[in-house]
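Trainee: Sharing a structure, written as structure tokens. Questions coming.
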Amino acid sequence: MSLFLCVYLPDWDIQAMRLKQRRAEALLSIRTPRPLLLVVEQARQEVVGRCCDICRRRGIVPGMAVAEARALLPRVEMMPLDGTAGARLLEKLARWALRFSPLVSIGEPFQDHQLRPAADCLLLNITGMEHLFNGPRALARRITALLRHNALTCRTAIAPTLSSAAALARYAETSAFIDDTADIPAAVRSFPLAALRLSADTQSALRETGVTCLGELMALSRDQLAVRFPPELLLRLDQLLGHRMELPPLITLSSVPEAQWRADGPVENLEGILLAAQALTDQLSQVLTQRNLGTTLLTIELRGEHTGTSTVTIHLAQAVRRADRLWAAIRPRIEQLRLTGGIEVLTVRAEQTPLLPPEQLHADTCTAWRSNLTMAPLAPVLDILQTRLAARCIGMAAGGQSHIPEQAMRLNQLNTGQRNMASPASHASPDGFAITPRPSLLLAPPQQAQVITGGPSNTPKHIQWQGRIYTCQQVIGPERLTTPWWTGTPAVTRDYFAVLDQTGQWLWLFHEVETGQWLLHGVWV
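Residues 270 to 794, numbered by the numbering used here, are exactly what the sequence shown covers, in order.
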């Protein structure tokens, strides 16, 4: 049998606004929270839409005029009721609840007497999870303790249907636990009609016939209900009693890890924006750590009413998730932005997230572990360089599968679309490079030289290059290399010589057998 856990959050809009205030105060200043009213406009008059516990103890209730509420409590803070902010935070809370159940949804709003009803409960499918968390009741107590630790009050209920769990959590006097659908009618008999999540018109029609609670409704004949009332009445009743299945939209983890900050108005202060960006970087690092991911591509999106939307792309040399590494790449790019007009929304998003499992930090017995760390000291340097230079100006040498000198090594640029420039997979290992001594500087293309030779092996004696004459003191060679014939181009045979001149400099030149010309290919510097 199915089992559902409902987490009901009374005064969620008030609590969501408190969370928003606490987040802003963490970036600016800390002050003691004051009594709070959320105001809505109704019939050209401002009325109380939501009120906190302090206001209720003073006699303030939703629907009361704001002037009357201020007379009861003069030092009260008033803010407009913003349903979108509460919905966004509730969705984040639902994603947080995915650690307790893979199936989490947000409950539908209850059409009760509150102004502008909004969603304020989470529904978790805990079927088959009785062996986890020491049972369903222990799970409910754990979630309650975690939410209360973050100053969020809640009530929980466990029932075999989604509708009954939501109704019990909202209208039961204490936390309820029901594991059999046969016990649902007795448990919800005294609940109001709003417990079925009926529309306001259907509830009004039922009250006109004298029906005010679920017990009176369930006593009526189904045939009478089907004839006199809309189809939603029987549908909601069957969902409550478990006669019909209810499939709410489920919450899933975002495929792209991100962290977002919203301001109450345009912010131009660079210091405040940097503080917000650093906090978002820490949040993004935590999300990546929880999912065992790293990132090689970051995007920073800044939106403002007057400035529009601008996006900054940051390529990282190595897949990382440490907050300090991410912040070292993000901060210089934000400092370079022009913030005239201010921004209201700042989003940091990890676009490319390769798997980055936990690494062994102190063992030295795994060859793969050692290879994964070979580029670790260099990757932060590349990230810093990229914040100051264009990506096309930064590259890394990689070995190529060729014996031709100009093809045995290549330069990979950071803007070539590679996911991980600093990973061992994108670079040849030391065994992939030629072990034959090669000059530290190759000329591209090789430059022509005039050579005077001597001896049967055509050994260079004197070299004229760039207007200077070099006398060969020592010659090593020849080393014969032939270009690949299978490429479709005519093969060329080269005899390479390493030459030490009179100044102590080593030159590397070759003689083309087919054409007879000499070319200088490199020098040791």
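All C-beta atoms in this analysis are idealised placements derived from N, C-alpha and C, irrespective of residue type, glycine included.
Quick check: what's the CA-CA separation for Val768 versus Gln670?
Mentor: Counting from one through the sequence shown, the residue named residue 768 turns up at place 499. Counting from one through the sequence shown, the residue named residue 670 turns up at place 401. Whole-angstrom Cα-Cα distance: 27 Å.
Trainee: Can you tell me which residues form a DSSP beta bridge with Phe766?
Mentor: By one-based count along the sequence shown, residue 766 stands at place 497. In DSSP, Phe766 forms a bridge with Leu778.
Trainee: How many Å lie between Thr797 and Gln717 at the Cα?
Mentor: For the chain, the structure presents residues 270 to 794; residue 797 sits outside this window and is missing.
Trainee: For Gly404, which of Phe369, Leu391, Leu437, Leu384 has the nearest alpha-carbon?
Mentor: Numbered from 1 along the sequence shown, position 135 holds the residue referred to as residue 404. Checked all of Phe369, Leu391, Leu437, Leu384; the closest Cα to Gly404 is Phe369.
Trainee: Exposed or buried, Met270, counting other C-beta atoms within 10 Å across all chains shown (16 or more means buried)?
Mentor: By 1-based counting over the sequence shown, the position of residue 270 is 1. Its Cβ having fewer than 16 others within 10 Å, Met270 is exposed.
Trainee: What does the Cβ neighbour count give for Cys662, buried or exposed, with the cut at 16 atoms within 10 Å?
Mentor: Here residue 662 corresponds to residue number 393 of the sequence shown, with the count starting at 1. Exposed is the call here.
Trainee: When the Cα of Asp322 is compared with those of Leu503, Tyr765, Ile283, Gly332, which residue comes out closest?
Mentor: Numbered from 1 along the sequence shown, position 53 holds the residue referred to as residue 322. For the residues Leu503, Tyr765, Ile283, Gly332, the minimum Cα distance to Asp322 belongs to Ile283.
Trainee: When DSSP labels each residue in this structure, what does Trp793 get in the three-state scheme?
Mentor: One-based indexing of the sequence shown puts residue 793 at position 524. Three-state DSSP puts Trp793 in coil, outside helix and strand.
Trainee: Which two residues bound the contiguous alpha helix (DSSP H) that contains Pro454?
Mentor: Working through the sequence shown from its first residue, we reach residue 454 at position 185. First-last of the alpha helix (DSSP H) with Pro454: 453-457.
Trainee: So, helix, strand or coil for Pro500, using DSSP?
Mentor: The count along the sequence shown starts at 1 and reaches residue 500 at position 231. Looking at Pro500 - three-state DSSP - the assignment turns out to be helix.
Trainee: So, do the region 412-431 and the region 443-450 have three or more beta carbon pairs nearer to each other than 8 Å?
Mentor: The region 412-431 is in contact with the region 443-450.
Trainee: Using 8 Å for Cβ pairs, my map puts Ala648 next to Ala586. What's the rounded Cβ distance?
Mentor: As a position in the sequence shown, residue 648 is number 379, starting the count at 1. As a position in the sequence shown, residue 586 is number 317, starting the count at 1. Right, their Cβ atoms sit about 4 Å apart.
Trainee: Which same chain residues, not among the five before or five after Trp775, have their C-beta less than 8 Å away from its C-beta?
Mentor: The sequence position of residue 775 within the sequence shown is 506, counting from 1. Here the set comprises Pro708, Ala767, Val768, Leu769, Val792, Trp793.
Trainee: To the nearest whole angstrom, what separates the beta carbons of Ile226 and Val276, a pair I think is in contact under 8 Å?
Mentor: Lying before the first or after the last residue shown, residue 226 is absent from the chain, which here runs from 270 to 794.
Trainee: Please report the Cβ distance between Ile732 and Val720, rounded to the nearest whole angstrom; I am assuming they are in contact, meaning their Cβ atoms lie under 8 Å.
Mentor: As a working mapping, residue 732 is identified with position 463 in the sequence shown. As a working mapping, residue 720 is identified with position 451 in the sequence shown. The pair is a contact, with the Cβ atoms about 5 Å apart (cut-off 8 Å).
Trainee: Suppose you measure from the CA of Asp652 to the CA of Leu549; what does that come to, to the nearest Å?
Mentor: Working through the sequence shown from its first residue, we reach residue 652 at position 383. Working through the sequence shown from its first residue, we reach residue 549 at position 280. In a straight line, the C-alpha of Asp652 is about 19 Å away from that of Leu549.
Trainee: Could you check the C-alpha separation between Leu467 and Leu509 for me, to the nearest Å?
Mentor: Against the sequence shown, residue 467 aligns to sequence position 198. Against the sequence shown, residue 509 aligns to sequence position 240. Spanning the two alpha carbons is a distance of roughly 12 Å.
Trainee: Hey, Arg505 and Leu465: beta-carbon distance below 8 Å or not?
Mentor: The residue given as residue 505 occupies position 236 in the sequence shown. The residue given as residue 465 occupies position 196 in the sequence shown. Closer than 8 Å, so yes.
Trainee: What residues in its chain sit with their C-beta under 8 Å from that of Ala325, if we drop five residues either side in the sequence?
Mentor: In the sequence shown, residue 325 corresponds to position 56, counting from 1. Position check: residue 325 holds Arg in this sequence, whereas Ala was assumed. Excluding positions up to five away in sequence, the list is empty.
Trainee: Examine the Cβ distances between the region 430-445 and the region 387-404 and report whether three or more of them are shorter than 8 Å.
Mentor: Cβ pair count under 8 Å is three or more, so yes.
Trainee: Give every residue of the same chain whose Cβ lies closer than 7 Å to the Cβ of Thr634, excluding the five residues on either side of it in the sequence, and list them in chain order.
Mentor: Here residue 634 refers to the residue found at position 365 when the sequence shown is read from its first residue. Legend: pLDDT at Thr634 = 44, less than 50; position of this residue unreliable, value from coordinates given subsequently. Here the set comprises nothing.
Trainee: By Cβ distance, which residues of its chain are closer than 6 Å to Ile569, with the 5 residues on each side in sequence left out?
Mentor: Sequence index remark: in the sequence shown, residue 569 carries index 300 (1-based). Within the same chain, Ile569 has close Cβ partners Val581, Val617.
Trainee: Cα separation between Arg602 and Met665?
Mentor: Residue numbering aside, residue 602 sits at position 333 when the sequence shown is read from its first letter. Residue numbering aside, residue 665 sits at position 396 when the sequence shown is read from its first letter. C-alpha separation (whole angstroms): 22 Å.
Trainee: For Leu571 and Glu537, what's the separation of their Cα atoms in angstroms?
Mentor: Position 302 of the sequence shown, counted from the start, is the residue given in the question as residue 571. Position 268 of the sequence shown, counted from the start, is the residue given in the question as residue 537. Roughly 12 Å separates the two Cα atoms.
Trainee: So for Asp533, helix, strand or coil by DSSP?
Mentor: On the sequence shown, position 264 is the one that residue 533 refers to. DSSP places Asp533 in strand when its eight states are reduced to three.
Trainee: Grab me the residues of Leu503's own chain with a C-beta within less than 8 Å of its C-beta, minus the 5 sequence neighbours each way, in chain order.
Mentor: The count along the sequence shown starts at 1 and reaches residue 503 at position 234. Only Arg491, Leu494, Ala495 meet the Cβ criterion.
Trainee: Going straight from the alpha carbon of Cys401 to that of Thr578, what length do you get?
Mentor: Numbered from its first residue, the sequence shown carries residue 401 at position 132. Numbered from its first residue, the sequence shown carries residue 578 at position 309. One detail in the question is off: residue 401 reads as Leu in this sequence, not Cys. Going by the C-alpha atoms only, they are around 45 Å apart.
Trainee: Going by other Cβ atoms of all chains shown within 10 Å of its Cβ, with 16 needed for buried, is Thr443 buried or exposed?
Mentor: Counting from one through the sequence shown, the residue named residue 443 turns up at place 174. Exposed.
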